[in-house]
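Number of protein chains: 2
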Amino acid sequence: MKPLQKPTSRTAARAENERLILEAAEAVFAEHGFKGATTGQIADRAGIPKANLHYYFPTKESLYRQVVENIFQIWLDAANTFDDCDDPEVALTSYINAKMDISRRHPMGSKVWANEILHKAPVIQDYLETTLDEWTESRIAVIERWIREGRMAPVDPRTLLYMIWATTQHYADFNHQIETLNAGKPLSDEQFETAKKTVVGIILAGVGIHPGGKGAGA
Amino acid sequence: MKPLQKPTSRTAARAENERLILEAAEAVFAEHGFKGATTGQIADRAGIPKANLHYYFPTKESLYRQVVENIFQIWLDAANTFDDCDDPEVALTSYINAKMDISRRHPMGSKVWANEILHKAPVIQDYLETTLDEWTESRIAVIERWIREGRMAPVDPRTLLYMIWATTQHYADFNHQIETLNAGKPLSDEQFETAKKTVVGIILAGVGIHPGGKGAGA
DNA sequence: TGAAGACTTGACCAATCGGTCAAGATGAGA
DNA sequence: TCTCATCTTGACCGATTGGTCAAGTCTTCA
Chain Y
1 MKPLQKPTSR TAARAENERL ILEAAEAVFA EHGFKGATTG QIADRAGIPK ANLHYYFPTK
61 ESLYRQVVEN IFQIWLDAAN TFDDCDDPEV ALTSYINAKM DISRRHPMGS KVWANEILHK
121 APVIQDYLET TLDEWTESRI AVIERWIREG RMAPVDPRTL LYMIWATTQH YADFNHQIET
181 LNAGKPLSDE QFETAKKTVV GIILAGVGIH PGGKGAGA
Chain W
1 MKPLQKPTSR TAARAENERL ILEAAEAVFA EHGFKGATTG QIADRAGIPK ANLHYYFPTK
61 ESLYRQVVEN IFQIWLDAAN TFDDCDDPEV ALTSYINAKM DISRRHPMGS KVWANEILHK
121 APVIQDYLET TLDEWTESRI AVIERWIREG RMAPVDPRTL LYMIWATTQH YADFNHQIET
181 LNAGKPLSDE QFETAKKTVV GIILAGVGIH PGGKGAGA
């Protein structure tokens with residue numbers, strides 16, 4: 001039998017340190033942007049000396065890249081919920097709910113992503129051009145088919161997707177503004193549920209899907 | 001008769017220089033954020049030495065503050081179109097169109113704003129708490145009245161406003177992503193018109209307003 | 001026309017920050 | 001236990017950057 005590793009074995013300690021650093025980095029990059037964040041801040045937040053951070057991640061950029069790649073993975077997971085079902089009502093509902101939940105649970109990741117796009121995606125441009133572009137085009141095709149089949153109103157599919165992205169991510173990226181307009185307090189679970197239902201309701205009605213009824217209006 | 005000022009009189013030159021600097025600053029702050037922007041970059045873009053920039057704007061922060069205040073003024077101008085008419089269809093349509101047009105014509109301003117909120121509004125927090133909060137609350141009251149009067153479906157007014165903000169500003173803030181997903185090219189005027197019409201259409205239908213018909217659906 | 005204030009600008013400075021390094025601490029395998 | 005690779009860390013360095021300064025130049029106006 002292999003000797004049991006102590007909880008602080010070499011590999012476990014390395015994994016734990018990398019996790020601590022990445023967690024701290026996501027928070028600091030989200031709040032201050034790539035340029036605004038300092039490796040010293042990140043190291044402090046992770047509870048290790050700066051030199052040690054540079055032992056695990058040689059450059060600030062390599063650390064940032066890792067953070068962004070992790071975020072893109074979360075985004076892709078949510079994207080898959082779009083294909084849960086071929087019914088537009090179910091697909092749109094579950095996709096919007098998944099994206100809203102991400103904004104609630106991973107607000108910092110969304111902020112890092114927003115920062116990256118605002119600054120012209122110096123790190124993730126290749127993802128945008130490949131994975132994201134392919135995902136978008138194929139889902140546009142699905143929406144166009146739903147429209148042809150009369151299962152939803154003839155709206156521009158691209159604009160519909162952008163509306164969903166914009167609105168759901170707004171709850172993460174503009175969270176500070178939302179809190180300020182909510183008497184300085186975070187949205188309660190009830191308020192957030194109301195927001196989710198309202199967004200789903202407006203989008204579905206907006207594309208002519210009326211739950212309870214069937215098919216699309218004019 | 002007052003002596004005609006030469007085109008480069010003292011006051012005119014000052015005004016022109018301040019304009020050049022503010023224009024350059026908006027662009028550089030939009031692309032690199034507050035921390036990422038350097039006063040040297042801004043001065044270069046304005047075509048003046050860095051020391052001269054600091055003659056007009058003593059600190060980087062005072063320059064940034066001025067840029068943000070100008071942007072907020074544009075935002076307020078658009079906000080007024082909400083009150084053009086007491087009819088929800090007209091009000092929502094003209095407000096969405098105004099905000100879409102701002103995203104098209106002032107994308108950099110919107111990006112600076114987004115950056116500011118993303119970083120917890122260190123400079124404009126007071127605007128959020130006063131002017132923005134008052135505007136929002138009063139428009140929520142208007143929407144609630146429209147709902148009571150049966151002129152639109154009973155949706156959460158706050159969420160509706162956030163959807164409009166998020167979607168319209170998305171066309172500025174995420175312009176880079178939108179271009180990338182448009183074969184790397186900026187949206188044509190036709191494409192942008194389609195986007196505007198689609199957003200207006202989805203929102204109006206989403207809140208139960210059907211142009212041509214009258215009043216709200218269930 | 002000449003004095004006074006407004007504006008311009010190259011050179012410079014202090015602070016910050018990403019990253020290095022060398023010396024030591026620690027754990028794994030023989 | 002001994003050895004070696006891995007990990008830790010305080011001190012340090014060069015580059016960048018916000019901001020200053022002093023020595024000019026240009027406008028205005030009496």
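Chains Y and W are the protein sequences, given in the same order.
Anchor point for the first sequence: position 111 equals 111 in full-length UniProt numbering, and the numbering is continuous, going up by one each time.
Anchor point for the second sequence: position 52 equals 52 in full-length UniProt numbering, and the numbering is continuous, going up by one each time.
Cβ coordinates follow ideal geometry from the N, Cα and C atoms, glycine included.
None of the values given here were measured: they were computed from a predicted structure.
{"Check": "Would you kindly check if the distance between the Cβ of Q169(W) and the Cβ of D103(W) is under 8 Å?", "Outcome": "The sequence shown places Ser at residue 103(W), not Asp. Cβ distance < 8 Å, so S103(W) and Q169(W) count as in contact."}
{"Check": "Looking at chain Y, is there any beta carbon in it that lies within less than 8 Å of the beta carbon of I202(W)?", "Outcome": "yes"}
{"Check": "Indicate whether at least one CB of chain W lies closer than 8 Å to the CB of M152(Y).", "Outcome": "no"}
{"Check": "Who are the neighbours of G36(Y) on chain W, taking C-beta pairs under 9 Å?", "Outcome": "G33, F34, K35, G36, H119"}
{"Check": "Measure the beta-carbon distance from H119(W) to H32(Y) and round it to whole angstroms, keeping in mind my assumption that it falls under 8 Å.", "Outcome": "7 Å"}
{"Check": "Given a threshold of 16 other Cβ atoms within 10 Å of its Cβ, counted over all protein chains shown, does S110(W) qualify as buried or as exposed?", "Outcome": "buried"}
{"Check": "Are the C-beta atoms of K111(W) and some chain Y residue less than 8 Å apart?", "Outcome": "yes"}
{"Check": "Put H106(Y) into one of helix, strand or coil per three-state DSSP.", "Outcome": "coil"}
{"Check": "I need the DSSP call for A13(W), collapsed to helix, strand or coil.", "Outcome": "helix"}
{"Check": "So, helix, strand or coil for P186(Y), using DSSP?", "Outcome": "coil"}
{"Check": "How far does the alpha helix (DSSP H) with V155(W) in it reach, from first residue to last?", "Outcome": "Run containing V155(W): none; DSSP gives neither H nor E here."}
{"Check": "I want to verify the contact list: residues of chain W whose CB lies under 8 Å from the CB of I178(Y), in sequence order.", "Outcome": "Y162"}
{"Check": "DSSP state of A205(W), grouped into three classes?", "Outcome": "helix"}
{"Check": "With DSSP collapsed to three states, give me the class of H119(Y).", "Outcome": "coil"}
{"Check": "Is the CB-CB distance between K196(W) and M100(W) below 8 Å?", "Outcome": "yes"}
{"Check": "In this structure, how does DSSP classify D173(Y) when only helix, strand and coil are distinguished?", "Outcome": "helix"}
{"Check": "With DSSP run on the structure shown, which of helix, strand or coil describes F57(W)?", "Outcome": "coil"}
{"Check": "Please list the partners that H170(W) has in chain Y, where partner means a Cβ-to-Cβ separation under 9 Å.", "Outcome": "Y162, M163, W165, A166, T167, Q169, H170"}
{"Check": "Helix, strand or coil for P49(Y)? Go by DSSP, reduced to three states.", "Outcome": "coil"}
{"Check": "Whose C-beta lies closer than 6 Å to the C-beta of A114(W) among residues of the same chain, with five residues either side of it excluded?", "Outcome": "D173"}
{"Check": "Compile a chain-ordered list of the residues in the segment 37-63 of chain W whose CB is closer than 7 Å to at least one CB of chain Y.", "Outcome": "none"}
{"Check": "Any idea what DSSP makes of A37(Y), helix, strand or coil?", "Outcome": "coil"}
{"Check": "Compare the beta carbon distance of G206(W) and A205(Y) with 8 Å and say whether it is the shorter of the two.", "Outcome": "yes"}
{"Check": "Helix or strand or just coil, what does DSSP make of I178(W)?", "Outcome": "helix"}
{"Check": "CA-CA distance, R158(W) and A141(W)?", "Outcome": "10 Å"}
{"Check": "With a 10 Å radius around its C-beta and 16 neighbouring C-beta atoms as the bar for buried, classify N175(Y) as buried or exposed.", "Outcome": "buried"}
{"Check": "Of all the options V67(W), P154(W), L128(W), G184(W), which has the alpha carbon lying nearest to the alpha carbon of T180(Y)?", "Outcome": "L128(W)"}
{"Check": "Starting from I140(W), follow the alpha helix (DSSP H) in both directions and report where the run begins and ends.", "Outcome": "133-148"}
{"Check": "Between Q66(Y) and G36(Y), what straight-line distance do the alpha-carbon atoms span, to the nearest angstrom?", "Outcome": "18 Å"}
{"Check": "Inspect the beta-carbon positions of G40(W) and L20(W) and report whether they are closer than 8 Å.", "Outcome": "no"}
{"Check": "Between V123(Y) and E116(Y), which are expected to be in contact by the criterion C-beta below 8 Å, what is the C-beta distance as a whole number of angstroms?", "Outcome": "6 Å"}
{"Check": "Answer yes or no: does any C-beta atom of chain W fall closer than 8 Å to that of V28(Y)?", "Outcome": "no"}
{"Check": "Check whether the Cβ of L128(W) lies closer than 8 Å to any Cβ atom in chain Y.", "Outcome": "yes"}
{"Check": "What did DSSP end up calling D86(Y) once you bin it into helix, strand or coil?", "Outcome": "coil"}
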